[in-house]
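Participant: Below you will find the structure I want to go over with you.
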Amino acid sequence: MTTRPVWQERPTVFGLTLKTVVLTLLVLAMVYPIYVVVLTSLSTAATVTEAGGLVTLPGDLSLDAYRELFGGGVVTRAVLVSTGVTVVGTLLSLGLTIFAAYGLSRPGSVLHRPLLFLFLLTFLFTPGMIPSYLIVRELGLIDSYWSLILPTAVSAFNLVVMRAFFMNIPGEVLDSARIDGASDFRILWRIVLPMSKGVTAVIGLFYAVGYWNAFFNAVLYINDNTKWPLQLILRQYVQQGMNLVPNQRAIDTAAGYALPPNLAIKMAIIVVALVPVLLIYPFVQRHFTKGVIIGAVKG
Amino acid sequence: MAVLKARKRADSRPADALTSSAGRARPPLLARLRRDWQLLAMTLPAVALVVVFHYVPTLGNVIAFQDYSPYDGITGSPWVGLYNFQWLLSDPEFWTALRNTITITAFQLVFYFPIPIALAILLDSVLSRRLRLFIQGIVYMPHFFSWVLVVALFQQILGGAGLLAQTLRQAGHEPWNIMTNPDAFIVLVTAQSVWKDAGWGTIIFLAALAAINTNLYEAAAVDGASRWRRMWHITLPGLRPVILLLLILRLGDALNVGFEQFFLQRDAVGAEAAEVLDTFVYWRTLMTGAWSYGAAAGLFKGLVGLILIVVANKVAHRFGEQGIYKRS
């Protein structure tokens, strides 16, 4: 607890109450919807029926919804697709970005200025949806997972942030390594990267989240719905309300056991889309407050 | 932004700093190539991707001046001059999309833009560091959720079968459906944007707040300035450059209101309220195969956006601020 500076007046009771209420509401507005969704996804059919929809108070819990999702159906496949695209895409993007950021970060190197300009210019103008679609189609990438990776593989913004960070590494350190005969690849691997773990983590998170959340590229480029990533499944079954298990009643009676309620399954799909972000986020979050991004953005 | 400054610093070093002998003339190109080939090799894969997926499609916009058919290709399709643009400007649906886009931008300038500033000031006033970091961690988080997820969450809470309607119904009230009401749509999308991004938006303001010299506050307090006067005379002037910069950036980006958010909710509320320029391109062209027409609409948006950015920067410089380029 940081102490109040002596010159600052004590807060009024009213002011303090107001502040507490506003901040509490704020946190609740973020957390409560997620709590309700997670709880519903974990509830039994009886609890969901009793609640008349979303469950706000914990009743009987079960993992049936998740068993259903990961029992090898549409969602299992979509999770695999999304995971694959995210892992491959993030590694590729991070590699390309680190290489290019370092390649453009050495002052006075040949051609670095026009090449840098090439990246910066992309801030000013986006090519537009139709020509982008046509080039992806021209390259034969429609219905290929690469169409979800290659068009967004290099973000000029991330590259610029990373390059700014590399430029802050004292040139003397790198020059001395060079004089000792180290190649640029070696300098990057042995000196620059170990000094840049924070920024690498943050940029990696940006890319990973981008791939995991990618929605519209898949709408455009993936027609084959057996190749759909998770976000499209989320849209179809949750936002558009299609039921993953159609004619639930009929199946219930025929199979002689109760399937998890469709609502719980839908909420479970939301949770599955949410969890990877929630898992990685805390590890990277501290770097935000350490000012990795701000330092770079402010220049 | 950062690069531009970095580049300036690079200029102030001798061009051949790598050979660490300042003052000598630039070595010939071939020698520099031999020296820097590794750096070039590292950069080229990224350059290739940007060229293929950014610059080639940008040039591909020439089909806006053609009657393009995939069968004939760019070289075989007939040129039609400005026909597609004339068509565009006489298309009432295009004007609806443009009007919606501009209305939403204006609305969000008033009802979204100030929120991260207020939130940042509020967060900055929390004395306990741990509590502040905890709240920051929570409010940054939704920025990393996809739009599908955010829209789905809103639907579960506010939609016709959602939590609010469910609670109202159980209490014997008639629920109202916020998610499908075209009149309330602009409020809904703004609320979604606030929920998703306002917390993340505080980062830059918090950094600016941290950069304000606390001696100013102390001196003002000693001189008898109240809390509110300190905020008015120290905090807000301290934030002014950042506020202006972001305001200008937002104006330069006036035709971009986000795409997926509208794409996802267009069916629920109807095109009259939810069609923006990007969704217009998608629905009117990609779905019907009117490639050239769509490219014309996209090019129109791109060109207006480019002009807005350049003008916004001019204005920034006029105000004595840095803008997005020419920072130093």
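Those protein sequences? They're chains A and B, same order as listed.
Okay, so the first sequence: first residue is 1 according to the working numbering, each after it adds one.
Okay, so the second sequence: first residue is 1 according to the working numbering, each after it adds one.
Glycine included, C-beta positions come from ideal geometry on N, C-alpha and C.
Hey, how far is the Cα of Ile251 of chain A from the Cα of Leu188 of chain A?
Facilitator: Unreliable placement is indicated for Ile251 of chain A, whose pLDDT of 46 sits below 50; the coordinate value is still reported in the next sentence. Those two C-alpha atoms are separated by around 59 Å.
Participant: Closer than 8 Å by beta-carbon distance: list the chain A residues that pair up with Val222 of chain B, in chain order.
Facilitator: Under the 8 Å cutoff, chain A gives Trp7.
Participant: Give a yes or no on contact between the segment 53 to 63 of chain A and the segment 154 to 163 of chain B, applying the rule of three or more CB pairs nearer than 8 Å.
Facilitator: The answer is yes - the segment 154 to 163 of chain B touches the segment 53 to 63 of chain A, with three or more Cβ pairs under 8 Å.
Participant: Measuring straight from C-alpha to C-alpha, what distance separates Leu44 of chain B and Asp184 of chain A?
Facilitator: Their backbone Cα atoms lie some 15 Å apart in a straight line.
Participant: I want to know whether the segment 72 to 88 of chain A touches the segment 227 to 238 of chain A - three or more CB-CB distances under 8 Å.
Facilitator: Output reads yes: the segment 227 to 238 of chain A touches the segment 72 to 88 of chain A.
Participant: In the DSSP assignment, what residue or residues form a beta bridge with Trp200 of chain B?
Facilitator: Paired residue(s): none; Trp200 of chain B is not in a bridge.
Participant: Given this structure, state the Cα-to-Cα distance separating Thr20 of chain A from Leu246 of chain B, to the nearest angstrom.
Facilitator: Rounded to whole angstroms, Thr20 of chain A to Leu246 of chain B spans 29 Å at the Cα level.
Participant: Could you give the DSSP three-state label for Trp79 of chain B: helix, strand or coil?
Facilitator: Here Trp79 of chain B sits in strand by DSSP.
Participant: Listed from N- to C-terminal order along the chain, which residues in the segment 35 to 55 of chain B have their beta-carbon within a distance smaller than 9 Å of any beta-carbon of chain A?
Facilitator: So the close ones are Arg35, Asp36, Trp37, Gln38, Leu39, Leu40, Ala41, Met42, Thr43, Leu44, Pro45, Ala46, Val47, Leu49, Val50, Val51, Val52, Phe53, His54 and Tyr55.
Participant: Work out the CA separation of Tyr66 of chain A and Ile265 of chain A for me, nearest whole Å.
Facilitator: For Ile265 of chain A and Tyr66 of chain A, the distance between alpha carbons rounds to 7 Å.
Participant: Go to Gln166 of chain B, then tell me how far its alpha helix (DSSP H) extends in each direction, as first and last residue.
Facilitator: Note, Gln166 of chain B: alpha helix (DSSP H), Leu163 to Gln170.
Participant: So what does DSSP say about Gln66 of chain B, is it helix, strand or coil?
Facilitator: Residue state, collapsed to three classes: strand.
Participant: Whose C-alpha, out of A:Val199, A:Asn223, A:Gly108 and A:Val154, is nearest the C-alpha of Tyr211 of chain A?
Facilitator: Nearest C-alpha to Tyr211 of chain A: A:Val154.
Participant: Reducing DSSP to helix, strand and coil, say where Ser43 of chain A ends up.
Facilitator: If DSSP states are grouped into helix, strand and coil, Ser43 of chain A belongs with the strands.
Participant: Is the segment 190 to 200 of chain A touching the segment 120 to 132 of chain A, taking contact as three or more C-beta pairs under 8 Å?
Facilitator: The segment 190 to 200 of chain A, when compared against the segment 120 to 132 of chain A, does not touch it at the 8 Å Cβ threshold.
Participant: Determine which residues share a DSSP beta bridge with Leu61 of chain A and list them.
Facilitator: Beta-bridge pairing links Leu61 of chain A to A:Ser43.
Participant: Val13 of chain A CB to nearest chain B CB: under 7 Å?
Facilitator: Output row for Val13 of chain A: interface = no.
Participant: Using the C-alpha atoms, what's the distance from Val52 of chain B back to Leu122 of chain B?
Facilitator: Taking the straight line joining both Cα atoms gives about 45 Å.
Participant: Cβ closer than 9 Å: which chain B residues qualify as neighbours of Phe283 of chain A?
Facilitator: Going along chain B, no residue has its Cβ under 9 Å from Phe283 of chain A, so there is no contact; the nearest lies around 12 Å.
Participant: Under 7 Å between beta-carbons, which chain A residues line up against Met141 of chain B? List them in chain order, please.
Facilitator: The answer, in chain order, is Met30 and Tyr281.
Participant: Any beta-carbon of chain B closer than 7 Å to the one on Ile233 of chain A?
Facilitator: Output row for Ile233 of chain A: interface = no.
Participant: Which same chain residues, not among the five before or five after Glu93 of chain B, have their C-beta less than 8 Å away from its C-beta?
Facilitator: Once the five neighbours on either side are set aside, the close Cβ partners of Glu93 of chain B are Ala271, Glu275, Phe280 and Arg284.
Participant: Around the Cβ of Lys196 of chain B, are there at least 16 other Cβ atoms within 10 angstroms (buried) or fewer (exposed)?
Facilitator: Buried, because 16 or more other Cβ atoms sit within 10 Å of the Cβ of Lys196 of chain B.
Participant: Between Ile157 of chain B and chain A, is the shortest Cβ-Cβ distance under 7 Å, so that the two count as touching?
Facilitator: Taking Cβ atoms only, chain A reaches closer than 7 Å to Ile157 of chain B, which makes this a yes.
Participant: Mind listing the chain B neighbours of Asn217 of chain A? Cutoff is C-beta to C-beta under 8 Å, in chain order.
Facilitator: Residues of chain B passing the Cβ test: none, with the nearest at roughly 10 Å.
Participant: From what residue to what residue does the alpha helix (DSSP H) around Ser314 of chain A run?
Facilitator: Nothing about residue 314 of chain A can be reported from this structure: the residues present for chain A run from 1 to 299 only.
Participant: With DSSP collapsed to three states, give me the class of Arg4 of chain A.
Facilitator: Reduced to three states, the DSSP call for Arg4 of chain A is coil.
Participant: Please tell me whether Phe65 of chain B has its Cβ less than 7 Å away from any Cβ of chain A.
Facilitator: Answer no: the Cβ-Cβ gap between Phe65 of chain B and chain A never drops below 7 Å.
Participant: If you run the structure through DSSP and keep just helix, strand and coil, what is Gln231 of chain A?
Facilitator: Correct three-state label for Gln231 of chain A: helix.
Participant: If you draw a straight line from the alpha carbon of Asn84 of chain B to that of Ile130 of chain A, how long is it in whole angstroms?
Facilitator: Answer to the nearest angstrom: the Cα atoms are 14 Å apart.
Participant: Would you kindly report the start and end of the unbroken alpha helix (DSSP H) that includes Glu9 of chain A?
Facilitator: Unbroken run through Glu9 of chain A: none, as it is neither H nor E.
Participant: I need the straight-line Cα distance from Tyr257 of chain A to Gly71 of chain A, nearest angstrom please.
Facilitator: No answer about Tyr257 of chain A holds up, because its pLDDT of 45 lies below 50 and its placement is not dependable.
Participant: Please report the residue range of the alpha helix (DSSP H) in which Asp184 of chain A lies.
Facilitator: That run of the alpha helix (DSSP H) goes Asp184 to Ile187.
Participant: Could you tell me whether the Cβ of Gln108 of chain B comes closer than 7 Å to any Cβ of chain A?
Facilitator: False, the Cβ-Cβ gap to chain A never drops below 7 Å.
Participant: Give me, in chain order, the residues of the same chain whose beta-carbon lies closer than 7 Å to that of Ala268 of chain B; leave out the 5 immediate sequence neighbours on both sides.
Facilitator: Cβ neighbours of Ala268 of chain B beyond the five flanking positions: Met179 and Thr180.
Participant: Label Val209 of chain A either buried or exposed according to how many other C-beta atoms from any shown protein chain fall within 10 Å of its C-beta, with 16 as the threshold for buried.
Facilitator: Label assigned to Val209 of chain A: buried.
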